[in-house]
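For reference, the structure is listed below as structure tokens.
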Amino acid sequence: MTFVITQSCCDDASCVPVCPVQCIRPRPGDPEFTTTEQLYIDPGTCIDCGACAFACPVEAIFPEAELPPSQADFRDINADYFAAHPLQDVTPLPIERRRLPRTQPELRVAIVGAGPSALYAAAELSEIRGVTVTILERTPTPHGLVRAGVAPDHERTKLIGDRFDRVLRRPNVICLFNVEVGRHVSVAELLRHHHAVLWAAGASDDRRLGVPGEELEGSISAREFVSWYNGHPDVARRHFDLSGPRAVVIGNGNVALDVARVLARPVTAFEKTTMSDLALQALRSSRIEEVVVVGRRGQALAACSTAELFSLSRLPGVDLLADPAEVAVTDRDLQAARSGAAGDLARRQAIIDAAAHRRPASPRRIVMRFRLTPTELTGDQAVSGIVLTRPDGTTEALETSLVIRAAGFRGRAAPGLPFDSSAGIIPNDGGRVVDPGTGHPLPGLYCTGWIKRGPTGVIGTNRADSAETVASLLRDVADHRLTEPPDGPEQLVDLLRRRQPDLVDASGWGRIDEAEKHAGRAAGRSRVKFLSTYDLLLAARGEHPR
Ligand code: NAP
791 MTFVITQSCC DDASCVPVCP VQCIRPRPGD PEFTTTEQLY IDPGTCIDCG
841 ACAFACPVEA IFPEAELPPS QADFRDINAD YFAAHPLQDV TPLPIERRRL
891 PRTQPELRVA IVGAGPSALY AAAELSEIRG VTVTILERTP TPHGLVRAGV
941 APDHERTKLI GDRFDRVLRR PNVICLFNVE VGRHVSVAEL LRHHHAVLWA
991 AGASDDRRLG VPGEELEGSI SAREFVSWYN GHPDVARRHF DLSGPRAVVI
1041 GNGNVALDVA RVLARPVTAF EKTTMSDLAL QALRSSRIEE VVVVGRRGQA
1091 LAACSTAELF SLSRLPGVDL LADPAEVAVT DRDLQAARSG AAGDLARRQA
1141 IIDAAAHRRP ASPRRIVMRF RLTPTELTGD QAVSGIVLTR PDGTTEALET
1191 SLVIRAAGFR GRAAPGLPFD SSAGIIPNDG GRVVDPGTGH PLPGLYCTGW
1241 IKRGPTGVIG TNRADSAETV ASLLRDVADH RLTEPPDGPE QLVDLLRRRQ
1291 PDLVDASGWG RIDEAEKHAG RAAGRSRVKF LSTYDLLLAA RGEHPR
């Protein structure tokens, strides 16, 4: 028997160090680790001890005999990985014991943001004796994209929030939520109270298409739509027009596939999830029958992962279709597959070939279109159609009243820090913020996550990324490169409570969490989210939201 890693793998590699026979690949530091779709267990080496399943934060690892039917293919997917990458070196990775130097027994770090990259950094830092971490977050709730980005039907992925909450409850972690850096406090002020400031606030803008009609009503960014169905208070009350028969999603990354799934699946698939009640209500009366997913590249190089594409092909009540004229494998695809850039080409091709030959039988369909570039959104006030251009310059017009642009995210400049506007990131060297003019590190300033490396990778990718930034920071501590702050974090808490009386601390978040879970229990759901800042703040105070 062997254990098998399945679709929900978050890539954070918590399973790797605990494996006594080191049969999980790729490992942090391996060349494939930063681009892999998931981790895999070598069935020939696994000794069936289950340590990996116990360590997995998202319950993605199963004994072979207990694989859920929807995940049965992952037995072969794991085995196939090792057919292509035979297991060689099984020497355990060295475990680094992090500690502060004797000359610096105390270290205070402010982390801006409370999403995955911030909380992986907080987890690493707060394990070290002598370290105090202050986490500042603009909204009243932590977890970032785990709460507001991960699709509600990916419930296992959301389980990582439980791990993050354990970090937030540590005695040396101070939570200051509903506090905006740049409005309630500046980076310079944070540096008066901490040795270092680590910016981990993600990428909060969208990559633009740059085509006429992009601003029309009915053209919305996937970021808005995803935040809406996840009940983010900034957009939870927005209204989207779901009354037409067709929606068009631009891009074929994993966000595009999430959006397509949410629009196409019967709403019953979400009724028991954490999806916003307002989104559930809107989706119940949706008239959308067809969701067209438009990609510039062919299926071999489509930005989505094979596992997500595969699960799209298995959705009950939804047909996955493709246009037979667009699915031929090109020489470029084969070349990419040989160089390893095309992921699992054979598996992708099988899914898309089946989609191209499927006869529609369900009330709803997702149509994957390839090698088409959107060149114009048409309509007077609101979108009524989209023009797609083929590589040979010919065009096709599709009627639609809803275009969701899932063209990727983009970092936003952080107040008080340099910004590389062409890459949409903070210029940095291994997480040390650098002066863009000289390339020299700016003392005490660090970054991690999407604002450091760009908007790529899954939740767990941030673990290794934040570990790198924390290692840079600790090296600077050892080299005495940080300045002793004149004031402590307690004074900062007093200052911020005066400036922002609605500040939410760890117990406030605990009360919100418990109240949402309580509401969920009554409805047979894991949680019912409060959809406005007002209600979240009531819950934080222990009062009953409306
Ligand atoms: P992404 O993977 O970068 O995909 C962006 C898509 O938009 C690509 O298909 C890209 O096409 C297309 N695009 C960009 N500019 C365009 C333009 N001007 N016109 C037409 N198409 C354009 O970004 P994402 O989907 O937002 O995902 C962000 C990250 O989150 C990814 O690493 C993703 O894997 C991760 N994520 C993972 C999951 C999951 O594991 N379930 C779920 C959601 C997000 P090209 O490929 O041709 O550039």
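Using my numbering, read the sequence shown as starting at 791 and increasing by one per residue. Glycine included, each C-beta is placed from N, C-alpha and C at the ideal position.
Simplified DSSP state of Asn968, which is helix, strand or coil: Asn968: coil per DSSP, three-state reduction.
Cβ of Asn868 versus every heavy atom of the ligand NAP: is any distance shorter than 7 Å? Taking 7 Å as the cut-off, one finds no heavy atom of the ligand NAP near enough to the beta carbon of Asn868.
Please report the residue range of the alpha helix (DSSP H) in which Ile950 lies. 950–958
Would you kindly check if the distance between the Cβ of Ser1033 and the Cβ of Asn962 is under 8 Å? At least 8 Å separates the beta-carbon of Asn962 from that of Ser1033.
At a cut-off of 7 Å, is Ile1040 close to the ligand NAP when judged by its beta-carbon and the heavy atoms of the ligand? Yes, since a heavy atom of the ligand NAP falls inside the 7 Å radius drawn around the Cβ of Ile1040.
Just verifying my parser: in three-state terms, what is the DSSP assignment at Asn962? coil
Tell me, please, which residues DSSP counts as bridged to Thr1179. Thr1163, Thr1185
So, does the stretch 1249–1258 touch the stretch 1293–1308, judging by three or more C-beta pairs under 8 Å? no
Put Asn1042 into one of helix, strand or coil per three-state DSSP. coil
If you reduce the DSSP assignment to three classes, tell me which class Cys809 lands in. If DSSP states are grouped into helix, strand and coil, Cys809 belongs with coil.
Would you check whether the ligand NAP has a heavy atom nearer than 7 Å to the C-beta of Ala1197? yes
Within the continuous alpha helix (DSSP H) that includes Arg1074, where are the two ends? 1067–1074
Supposed contact pair Asn1044 and Cys1094 - C-beta distance, whole angstroms, cut 8 Å: 5 Å
Below 7 Å, is the gap between the Cβ of Thr1190 and the nearest heavy atom of the ligand NAP? no
Look up Glu1098 in the DSSP assignment and give the residues it is bridged to. Per DSSP, none; premise fails for Glu1098.
Same chain, Cβ closer than 7 Å to Ala913, neighbours up to 5 away in sequence not counted: Only Val957 meet the Cβ criterion.
Is it buried or exposed for Arg1013, if we count other Cβ within 10 angstroms and need 16 for buried? buried
Counting beta carbon pairs with one atom in the stretch 943–951 and one in the stretch 841–850, are three or more of them shorter than 8 Å? yes
With DSSP collapsed to three states, give me the class of Leu1047. helix
Nearest CA to the CA of Arg1055: which residue from Pro853, Glu1004, Ser1066, Glu1080? Glu1080
Compare the Cα-Cα distances from Arg1243 to each of Ala1140, Arg1265, Ile1215 and report the closest residue. Comparing Cα-Cα distances from Arg1243 to each of Ala1140, Arg1265, Ile1215, the minimum goes to Ile1215.
Less than 7 Å between the CB of Val1045 and some heavy atom of the ligand NAP, yes or no? yes
From Thr1058 to Leu1073, what distance separates their C-alpha atoms? Rounded to the nearest whole angstrom, the C-alpha separation of Thr1058 and Leu1073 is 10 Å.
Distance between beta carbons of Ile1302 and Pro930, contact taken as under 8 Å: 7 Å
Residue burial classification, Thr1120 (beta-carbon count within 10 angstroms, cutoff 16): With fewer than 16 Cβ atoms within 10 Å of its Cβ, Thr1120 is classed as exposed.
Excluding the 5 residues flanking Arg865 on each side, which residues of the same chain have their C-beta closer than 7 Å to its C-beta? Val794, Glu854, Leu857
Would you decide whether Glu822 is buried or exposed? Buried here means 16 or more other CB atoms lie within 10 Å of its CB. exposed
Determine the direct distance from the alpha carbon of Gly1332 to that of Ile771, and round the result to whole angstroms. Not covered by the structure: residue 771. The range shown for the chain is 791 to 1336.
What runs of the alpha helix (DSSP H), each 4 residues or longer, lie entirely inside the stretch 986–1050? 1012–1019
Using C-beta distances below 8 Å, list every residue in its chain close to Lys1307, excluding the 5 sequence neighbours before and after it, in chain order. Spatial neighbours of Lys1307 in its own chain (CB-CB distance under 8 Å, excluding positions within 5 residues in sequence) are listed in chain order as Ser1316, Arg1317.
heavy atom of the ligand NAP below 7 Å from Gly1085 C-beta: yes
Between the alpha carbons of Val1260 and Ala911, how many angstroms are there, rounded? 7 Å
Which residue's Cα is closest to the Cα of Gly1278: His944, Thr1168, Leu980, Thr825? Nearest option by C-alpha distance: Leu980.
Pairs of beta-carbons, one from the stretch 1036–1052 and one from the stretch 1190–1204, closer than 8 Å: are there three or more? Between the stretch 1036–1052 and the stretch 1190–1204 there are three or more inter-stretch CB-CB distances shorter than 8 Å, so the stretches are counted as touching.
Considering only their Cβ atoms, is the gap separating Ala938 from Ser1017 smaller than 8 Å? yes
Got a sec: does the ligand NAP put a non-hydrogen atom nearer than 7 Å to the Cβ of His933? no
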